[in-house]
Amino acid sequence: MKLIFLGAPGAGKGTQAEAVCAHLNIPAISTGNMIREALKSGTEMGLKAKSYMDSGALVPDEVVIGIVKDRIAQPDCANGFVLDGFPRTIPQAEALDNMGVKIDRVIALEVSDDKIVKRMSGRRVCESCGASYHLLYNPPKVEEKCDKCGGTLVQRKDDLPETVKARLKVYHEQTEPLKGYYKRQGKLYTVDGQEDVADTTKLTLQAIEA
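So the sequence shown is numbered by our numbering: it starts at 987 and just counts up by one.
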């Protein structure tokens, strides 16, 4: 089965993609990992991506699409795959269709912006040992101190409310229109994200097997 996972940053789509891959025994293909692999193996598209990244520029669509094409041609994708983080825009989705890649289903994970901001802005990381906490769901025993090593807990820049809101704005403008694109193709399945990850996984597997 060939699947695409859509969802705002912080909606937990990476976790759901991994669960589905384990269930169906197919690979999860994330754009970031693909680009890193292409750089490591020195493919033509990987070298092109490197030239843009070295200059601090965004890797253009045609290079990302070339990397995706190379990756899904690998033997481990013969029985299907999950695309996580690609496509991000309508032109990328159109390019995927033009490559002749037949996507079976698109799973859109829905979590409200308010919940995502609350979820991400509550995260804290120990600056000494890297242990993760959440002020609501997994708080430390002593405020701002790591349970494991006593180090100071800090909030990463990526988890600041204003950063999360900026990322959500980009998602709504650029990626969310893909829901309409795939709905018109009859491929869109919506899953409402639950508080418990296991409950969301159950709903995700139901959407795939429906």
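Where a beta carbon is used, it is the ideal one built from N, C-alpha and C, also for glycine.
Leaving out the 5 sequence neighbours to the left and right, which residues in its chain are closer than 7 Å to residue i when beta-carbon positions are compared?
i       : result
Gly1071 : Ser1016, Thr1017 and Gly1018
Asp1040 : none
Would you report the Cα separation of residue i and residue j, rounded to the nearest angstrom?
i       : j       : result
Met1106 : Leu1146 : 8 Å
Ser1098 : Glu1181 : 12 Å
Lys1169 : Val1092 : 9 Å
Gln1060 : Val1054 : 10 Å
Tyr1038 : Thr1075 : 19 Å
Cys1063 : Val1087 : 12 Å
Ala1035 : Asp1083 : 22 Å
Tyr1123 : Ala1117 : 14 Å
Gly1172 : Gly1028 : 38 Å
Tyr1157 : Ile1089 : 21 Å
Could you round the C-beta distance between residue i and residue j to whole angstroms and report it? I think they count as a contact, below 8 Å.
i       : j       : result
Ala1094 : Leu1191 : Actually they are not in contact, since the Cβ atoms of Ala1094 and Leu1191 sit about 15 Å apart, beyond 8 Å.
Leu992  : Val1006 : Their Cβ separation, rounded to whole angstroms, is 13 Å, which puts Leu992 and Val1006 out of contact at 8 Å.
Ile1021 : Val1045 : 7 Å
Gly1179 : Ala997  : 6 Å
Ala1043 : Gly1032 : Going by Cβ atoms, the distance from Ala1043 to Gly1032 rounds to 16 Å, so no, they are not a contact pair.
Excluding the 5 residues preceding and the 5 following residue i in the sequence, name in chain order all residues of the same chain whose CB lies nearer than 6 Å to its CB.
i       : result
Lys999  : Phe991, Gly993 and Leu1095
Arg1109 : His1120 and Asp1145
Ala1196 : none
Ala1081 : Ile1051
Between residue i and residue j, is the Cβ-Cβ spacing less than 8 Å?
i       : j       : result
Val1177 : Leu1164 : no
Gln1002 : Thr1187 : yes
Val1150 : Glu1113 : no
Pro1126 : Cys1135 : no
Asp1056 : Gln1078 : no
Leu1010 : Gly1052 : no
Thr1138 : Glu1129 : no
Among residues of its own chain, excluding the 5 on either side of residue i, which ones have a beta-carbon nearer than 8 Å to its beta-carbon?
i       : result
Ile1102 : Ala994, Pro995, Gly996, Ala997, Val1150 and Leu1154
Can you name the residues that DSSP bridges to residue i?
i      : result
Gln993 : At residue 993 the sequence reads Gly, which differs from the Gln that was named. DSSP output for Gly993 lists Leu1095 as bridge partner(s).
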